[in-house]
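Visitor: For reference, the structure I am asking about is given below.
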Amino acid sequence: MYTILFFDDSMLHNRSNLSRKTGKPTIIDEGTFEDPYIDTAWGYPSVVFDEISSKWRCYYQGELGSPHNQAIHVMAESDDGINWQIPDLSKLVKIQDRLTPHQIYPNLNEWCGLYTDSNFHTKKDGALTSSKYKMLASRRQKNWQFSKKIVLTPTLLTSSDGIQWHDTDIRWHPYSADPGYFVYWNSFKKSYVITLRPEHGDRRIAISETKDWKTFTKPEIILQTDPLDTEASLFYGMPVIEYDQMFIGLLWIYHVDPTLLQNEKFPLGSFDMEFGDDLTRIMGKIDCQLSYSVNGIHFQRSLRDPFIQNSDPGKHGSGCIYPSSLVPYKDTLRIYSSSSKGEHAQIRFKPELKQSAILVHEIRKDGFVYLEPSGGTGELTTKWLLIQGDNFSINTNVPNGEILVQIMDHVGNPIEGYEYENCIRYSGDSLNWKPMWSNNNQLSKLKNRIIKIGIKVTNGRIYAIRGNFELFQSWPEVRRYINSISTNKKVN
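Taking the working numbering, the leading residue of the sequence shown gets 15, the next gets one more, and so forth.
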């Protein structure tokens, strides 16, 4: 199966009167979770479904107020992934000087980016991947104030059940590491990829690869801000998921105050910081934009509209929001975020105020970016597609409009019986509408032919085209394929 999404026009031959727009996830109000013990402004939640207990688990971190003033690492549980409860883990996880009932690991600085490893039971290059669950973490080094490079020592935690976690001697970053950092599997390169910062305090996006969880490539920068971003803005982190043939990133945009340190800069108290550039740009809002990649290594920016934007003043997420976990659920995608009412670090030393929560948003399948007419009828034509089966559907929402599909040959001429006028018109909302034509013509009858697909839509949206076909990007590719078919026919 191949999926055409509309982050750009790379899979389209032309597009007329169809505006590209960013999808807007909807917050699920009953999913707002305020931890009664800790401040979760930097919670970075990772949500997974545990098949053994038949419960959803949310791994996150938080800060305790006075007198402890330290970060702790916890887990919440849910029957539905929306309403969260705090379990008592004291009998399952032995922690000396336990601070909360749901504390799951002691003595870390931060953790972020739980990864469920589907390859954990297989051998690769003679090495057994250690455990099903992996968590990237960092531990503050003793006498860190005097260290030139290593302030936060990167470490990898592993677990077979998600409850008992074990430290390892794996150092996945050559220098210091602070969140956000996340893992995803690149099926093209057969490697694990970590999105991270080049080093502590360097707010750009880099990647590092590993195939065996023993050796890691040096972090290589793949994204940094550009002139289209707000002035002096930075990148805070980017979780990535593989989505059909693409990789989609939730890019955290840190909209900082571009001025340097001033006495009146922090209205809620002073900060023990040095004069300088990045260190003093600690105030600012964080929201989320989309990025994408076709190979999981080279990423591009999508529209600069926020995918998940800051909420209204006084509500959770009005200051910062960090979408950290994207989970497919039935016909939707759920996005879990930590959030704060204050701007970044505004309440850094007052976690007892608990102006934070974990939020959950929901969006339809393929709902990242869509095409919609500004008014009237919009039309697109895909590039060349080699039909390989009978699966063909369109994710569309046209409850008060209609959509039509036309099939053309490789030079753009409508194929008889598959013209727009023969298409059975559709109005409604469907994740997988299957176009039909009069005389029961279906796309499967054109198997092994190279075609183009034309779509007209009025008063509605197109989210994706999905089918059992292969995409050709250029006319030389098409010509080579046609010549090879002709040659084979002559030989046979």
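The beta carbon of each residue, even a glycine, is placed where N, CA and C say it ideally should be. On a predicted model such as this, the values are computed, not experimentally measured, just so you know.
Starting from ASN414, follow the beta strand (DSSP E) in both directions and report where the run begins and ends.
Guide: In the DSSP assignment, ASN414 falls within the unbroken beta strand (DSSP E) covering 398-422.
Visitor: With 16 other CB atoms within 10 Å as the buried threshold, where does LYS344 fall?
Guide: exposed
Visitor: Just the C-alpha distance for ASN121 and ASP183, rounded to the nearest angstrom, thanks.
Guide: 15 angstroms
Visitor: Alpha carbon to alpha carbon, what distance is there between GLU65 and ALA191?
Guide: 32 angstroms
Visitor: Three or more beta-carbon pairs under 8 angstroms between the segment 46-53 and the segment 74-94, yes or no?
Guide: yes
Visitor: What three-state label does DSSP hand ASP43 in the structure shown?
Guide: helix
Visitor: Please report the straight-line C-alpha distance between ILE118 and TYR336, rounded to a whole angstrom.
Guide: 22 angstroms
Visitor: Comparing C-alpha positions only, which one of PHE483, GLY468 and VAL492 sits nearest to SER30?
Guide: GLY468
Visitor: Between ILE177, PHE63 and SER60, which lies nearest to ILE109 when the distance is taken from Cα to Cα?
Guide: ILE177
Visitor: What did DSSP end up calling GLU124 once you bin it into helix, strand or coil?
Guide: strand
Visitor: Go ahead and pull the three-state DSSP assignment for GLU433.
Guide: coil
Visitor: Rounded to whole angstroms, what is the Cα-Cα separation between ALA141 and SER205?
Guide: Its pLDDT being 47, under 50, ALA141 is placed unreliably by the model, and the measurement read from it follows with that caveat. The alpha-carbon of ALA141 is positioned some 13 angstroms away from that of SER205.
Visitor: What three-state label does DSSP hand LYS461 in the structure shown?
Guide: coil
Visitor: Within this structure, are the beta carbons of ILE499 and ILE401 separated by less than 9 angstroms?
Guide: no
Visitor: Which word fits ASP301, buried or exposed, when buried means at least 16 other C-beta atoms lie within 10 angstroms of its C-beta?
Guide: buried
Visitor: Out of curiosity, what's the CA-to-CA distance linking GLY251 and ASN123?
Guide: 17 angstroms
Visitor: Which residue marks the beginning of the beta strand (DSSP E) containing VAL341, and which one marks its end?
Guide: 334-343
Visitor: Would GLY415 and GLY356 qualify as a contact pair, given that the criterion is a beta-carbon distance under 9 angstroms?
Guide: No. Outside cutoff.
Visitor: With H, G and I counted as helix, E and B as strand and the rest as coil, what does DSSP make of ARG493?
Guide: Residue state, collapsed to three classes: helix.
Visitor: Check whether the Cβ atoms of GLY57 and SER370 sit closer than 9 angstroms, and answer yes or no.
Guide: Note that the C-beta distance between GLY57 and SER370 is below 9 angstroms.
Visitor: With 16 other CB atoms within 10 Å as the buried threshold, where does PHE289 fall?
Guide: Any reading at PHE289 needs caution, since the residue's pLDDT is 48, under 50, leaving its predicted position unreliable; the model's value is listed next. Looking at its Cβ environment, which holds fewer than 16 other Cβ atoms inside 10 Å, PHE289 is exposed.
Visitor: Pull up the distance between the alpha-carbon of VAL419 and that of TYR147, whole angstroms please.
Guide: 45 angstroms
Visitor: With distance defined between alpha-carbon atoms, name the residue in ASN497, ARG34, TYR198 and LYS203 nearest to MET149.
Guide: TYR198
Visitor: Considering only residues of the segment 366-392, which uninterrupted beta strand (DSSP E) runs meet the minimum length of 3 residues and lie entirely inside it, listed in chain order?
Guide: 370-378 and 383-386
Visitor: Which partner residues does ASP226 have in the DSSP bridge list?
Guide: Note: ASP226 sits in no beta bridge, so no partner.
Visitor: With contact counted as at least three CB pairs below 8 angstroms, one residue from each stretch, are the segment 26-46 and the segment 480-495 in contact?
Guide: no
Visitor: ILE235: buried (16+ other C-beta within 10 angstroms of its C-beta) or exposed?
Guide: exposed
Visitor: Between the Cα of PHE406 and those of ALA478, GLU366 and GLY442, spot the shortest distance and give me the residue it belongs to.
Guide: For the set ALA478, GLU366 and GLY442, the Cα lying nearest the Cα of PHE406 is the one of ALA478.
Visitor: Taking ILE429 as the reference, which of ASN436, ILE421 and GLU435 has the closest Cα?
Guide: ILE421
Visitor: Should GLY392 be labelled buried (16 or more other beta-carbon atoms within 10 Å of its own) or exposed?
Guide: buried
Visitor: Considering only DSSP beta bridges, list what VAL61 is partnered with.
Guide: CYS72
Visitor: Hey, would you say LEU265 sits closer than 9 angstroms to THR36, going by beta carbons?
Guide: no
Visitor: With a floor of 3 residues, list each beta strand (DSSP E) that falls wholly inside the segment 142-223, ordered by position along the chain.
Guide: 147-154, 166-173, 196-200 and 205-210
Visitor: Please list the terminal residues of the continuous beta strand (DSSP E) segment that includes LEU237.
Guide: 234-237
Visitor: Tell me the DSSP secondary structure of ILE311 in three-state form.
Guide: coil
Visitor: State the DSSP-derived secondary structure class of ILE499, mapped to helix, strand or coil.
Guide: Secondary structure of ILE499 (DSSP, three-state): helix.
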